[in-house]
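Everything in the sequence shown is counted per our numbering, starting at 5 for the first residue and increasing by one. Just so it is clear, CB atoms sit at the ideal spot from N, CA and C, and this is done for glycine as well.
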Amino acid sequence: MGKTKEEVSLLGFGCMRLPTLPDGEIDEEQAISMIRYAIDHGVNYLDTAYGYHNGKSEGLVGKAVQDGYREKVFIATKLPVWLVKEPQDCKRLFEEQLERLGVDYVDFYLLHALNRNSWPQALENEALEFLEQMQAEGRIKHVGFSFHDDLKVFREIVDAYPWDFCQIQFNYMDECYQAGLAGLKYAASKGLGVIIMEPLRGGRLVQNLPPEVEELFAGAPVQRTPAEWALRWVADHPEVSLILSGMSRFSDVEENLRILSEAAPHSLSKEELALIAQARDVYLERMKVLCTDCRYCLPCPQGVEIPRIFRLYNEGSMYNTLEADRGQYEHLVKNEQDAGRCVACGQCESVCPQNIEIIETLEMIDRVFTGRA
């Protein structure tokens, strides 16, 4: 992991998409079993955050690392910068996180989702001084940040502080998006470990593939699953220190362990890289809204199900099923969760990591599904 010199597994367990029960709560028995299985098979990095699973993820991770598992893993969690209104909030939130996790120190601690707006907020509220203090006290081993903005802002943040590592969104659809490949190389050149999030773009690269992409992969000389194509593309870059995957099923854990135990930098041939580039072109032609379903935009004050609406529109656009999907949109209307309920308050746009023009996009989608002028 870059200058930290820590030996981390290539696969990290992301705890934002844990298995859930019908009521939406984490299926604790299943989640703990999956996490421990991953650890028993070589994974040594668990990534969580203050707000994941409505504040329940850190507590689940704390339970998972009991019974001797704490000594086998690095725990990473994140400071919710948007909740820091004054310097004292940094310490207050961190103490709460340690209590949830049931630990007295964190191995990797990140300022969460930095961008051009939250970075000044972090500086103003002395977040960097807080990190230094906690490192000096041995309560945080390594400091870093996760990022959602453009390359210029990324470089500014990298250069502003002697970070140990960073976390960026990177997959074969996002080579030139946000920090992208240029940011990956820049951070690595500065000695930072680089953690990759969204390698499967929130599952978009493995579910409901367009027929053209299925045909491309089916015609490849080496047969691989969609997840394998996507993960091996990320692992092909030598600057990558670790790849996070949010795993909701045991089969996800097993498949990711298999794939990343075999993956290595520069292991894909020119022909295989060209094949993935063709798949990218297909998606770019079809995908309309680049939403990763991170759900930072929720809850909407008006009850609008923003990620669900974007997903419905994207899938309809990709598979040419917009007309057939009107029934699903009518269900949203019936439940008062449709895009037409947006009052343009702007709360969602202020926290969207992808900088999507949510208000304008919701208005357009509502017109598409309802036919209203």
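Check: Compute the Euclidean distance between the alpha carbons of H146 and L294, then round it to the nearest angstrom.; Outcome: 31 Å
Check: To which residues does DSSP link C170 through a beta bridge?; Outcome: F149 and V198
Check: Are I310 and L316 closer than 8 Å when you measure CB to CB?; Outcome: no
Check: Figure out for me which residue from G197, I36 and P305 has the closest Cα to the Cα of S61.; Outcome: I36
Check: If you drop the 5 nearest sequence neighbours on each side, which residues of the same chain put their C-beta closer than 7 Å to that of N175?; Outcome: E202, P203, L204, R205, L209, A234 and V238
Check: According to DSSP, what are the bridge partners of D51?; Outcome: G18 and A80
Check: Could you compute how far the alpha carbon of E364 sits from the alpha carbon of A53?; Outcome: 30 Å
Check: Tell me where the beta strand (DSSP E) around S249 begins and ends.; Outcome: L246 to G250
Check: Under the rule that 16 or more other beta-carbon atoms within 10 Å means buried, what is N121, buried or exposed?; Outcome: exposed
Check: Could you tell me which of L132, V308, N58 and E75 sits nearest to N339, measuring between CA atoms?; Outcome: V308
Check: Taking buried to mean at least 16 other C-beta atoms within 10 Å of its own C-beta, is N58 buried or exposed?; Outcome: exposed
Check: When we look at the beta-carbon of A1 and count the other beta-carbons within 10 Å, is it buried (16 or more) or exposed?; Outcome: Because the chain is modelled from 5 through 377, residue 1 falls outside the range shown and cannot be assessed.
Check: Would you kindly check if the distance between the Cβ of S252 and the Cβ of R378 is under 8 Å?; Outcome: In this structure the chain extends from 5 to 377, so residue 378 is not present and cannot be described.
Check: When you compare each of A117, E133 and P124 to C170 by their alpha carbons, which one comes out closest?; Outcome: A117
Check: What are the partner residues of Y113, as DSSP defines its beta bridges?; Outcome: T81 and V147
Check: Would you call D178 buried or exposed, if buried means 16 or more other Cβ atoms sit within 10 Å of its Cβ?; Outcome: buried
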